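Per full-length UniProt numbering: the sequence shown ends with 239, consecutive numbering throughout.
For glycine and all other residues, C-beta sits at the position ideal for the given N, C-alpha and C.
None of these values were measured; they are calculated from a predicted model.
Report on the structure given below.
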Amino acid sequence: MSDGYWISLFSGGKDSSYALYLAGERGIDVDALLTIHPAGDSYMYHVPATELATLAAESIGVPSVDVHPDDFETDSATDSGRQGDREVEPLARALRSLASEADDGLGGLVVGAVESEFQRDRVERLCDEFDCDLFAPLWHADPRSLGDEMLEAGFEITIVQVAAGGLDESWLGRTLDADALDELDALADSHGVHPLGEGGEFETIVVDGPHMDRRIDVAYETAWDGTRGSITVTDASLE
């Protein structure tokens with residue numbers, strides 16, 4: 001892997017957190033965690049509970065860079081490709097700013113993409129622009145194996161949003177453990193749910209893991225409209 005300034009695209013969710021952990025295991029010294037905080041639904045980025053990413057960064061011990069874009073509105077999007085390109089712009093601007101401050105430029109980006117060509121293609125373009133490496137250790141891995149690996153590594157994962165048939169209100173705030181993975185496998189057969197939520201079926205946050213010094217303690221309320229729901233964080237701190 002290249003020298004230079006390494007940035008991990010980080011939401012606090014399971015995929016970006018596990019990719020960051022694997023980067024450390026590979027000997028990649030990540031210099032910053034970059035979090036995009038969309039105001040509404042997003043094609044490119046994890047949305048719910050991204051405010052916890054700052055606490056996670058503190059626990060991990062890596063500086064965080066937070067971007068709150070205000071120049072794209074996903075609610076009015078009619079073309080996912082065009083909207084995705086618009087959503088990349090705040091990320092690209094943040095990377096250009098970081099690259100200008102790095103003595104050796106950007107060394108590479110760490111991403112947690114599993115199956116999304118939509119996301120990976122756009123990140124690859126950014127790597128081409130900055131002539132840096134891409135570390136995407138989860139890419140095209142078997143979903144159940146990935147889930148098992150996360151649990152075996154010691155990740156504590158909480159489900160913060162659900163939006164798919166077969167996933168009801170009881171999943172909100174639930175820990176993604178071995179039993180939950182078994183149920184998701186069954187829902188994959190009966191309802192087409194992706195075992196890791198790659199189609200937006202569910203979103204997560206990592207509240208503890210081997211890469212973190214302290215666990216995140218989260219208080220929340222749930223909202224459920226009959227078909228989809230999410231948690232709203234009311235209080236959070238490091239234990």
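Hey, how far is the Cα of residue i from the Cα of residue j?
| i | j | result |
| --- | --- | --- |
| L33 | C127 | 16 Å |
| P195 | R120 | 19 Å |
| E239 | V233 | 16 Å |
| A57 | L184 | 29 Å |
| G13 | E203 | 7 Å |
| L146 | L138 | 8 Å |
| A92 | E117 | 18 Å |
| H191 | R228 | 15 Å |
Give the secondary structure of residue i by DSSP, where H, G and I count as helix, E and B as strand, and everything else as coil.
| i | result |
| --- | --- |
| L9 | strand |
| G107 | strand |
| A188 | helix |
| G229 | strand |
| W139 | coil |
| A219 | strand |
| L238 | strand |
| L33 | strand |
| V67 | strand |
| D3 | coil |
| L151 | helix |
| S76 | Because S76 carries a pLDDT of 44, less than 50, the predicted location of this residue cannot be relied on, and the following value inherits that uncertainty. In this structure, S76 counts as helix in the three-state DSSP scheme. |
| E203 | strand |
| L172 | coil |
Going by alpha carbons, who is nearest to residue i out of the options?
| i | options | result |
| --- | --- | --- |
| D208 | Y5, Y21 and G4 | Y21 |
| E221 | A188, G199, R174 and S190 | R174 |
| D133 | L109, L238, T234 and E117 | L109 |
| E87 | H37, L52, G112 and V193 | H37 |
| H68 | E25, P90, G165 and E149 | P90 |
| G154 | V123, P210, D142 and Q161 | P210 |
Quick one: measure Cβ to Cβ for residue i and residue j, integer angstroms, because I've assumed they're closer than 8 Å.
| i | j | result |
| --- | --- | --- |
| S16 | L9 | 6 Å |
| H19 | G112 | Reading off the sequence, residue 19 comes out as Ala, not His. A19 to G112, Cβ: 4 Å. Contact. |
| F130 | G105 | 7 Å |
| S59 | M212 | 4 Å |
Along the chain, where does the alpha helix (DSSP H) that runs through residue i open and close?
| i | result |
| --- | --- |
| A60 | Going by the sequence as given, residue 60 is Ile instead of Ala. Start and end: L52 to I60. |
Determine the extent of the beta strand (DSSP E) in which residue i is found, giving its start and end residues.
| i | result |
| --- | --- |
| D128 | D128 -> not in any beta strand (DSSP E); alpha helix (DSSP H) instead, spanning E117 to F130. |
| E25 | That residue, E25, is in no beta strand (DSSP E); its alpha helix (DSSP H) goes K14 to E25. |
| Y114 | The sequence given here has Val at residue 114, not Tyr. That residue, V114, is in no beta strand (DSSP E); it is neither H nor E in DSSP. |
| V162 | E156 to V162 |
Using a Cβ-Cβ cut-off of 8 Å, state whether residue i counts as contacting chain B.
| i | result |
| --- | --- |
| F155 | This model lacks chain B altogether, as it is built from one protein chain only. |
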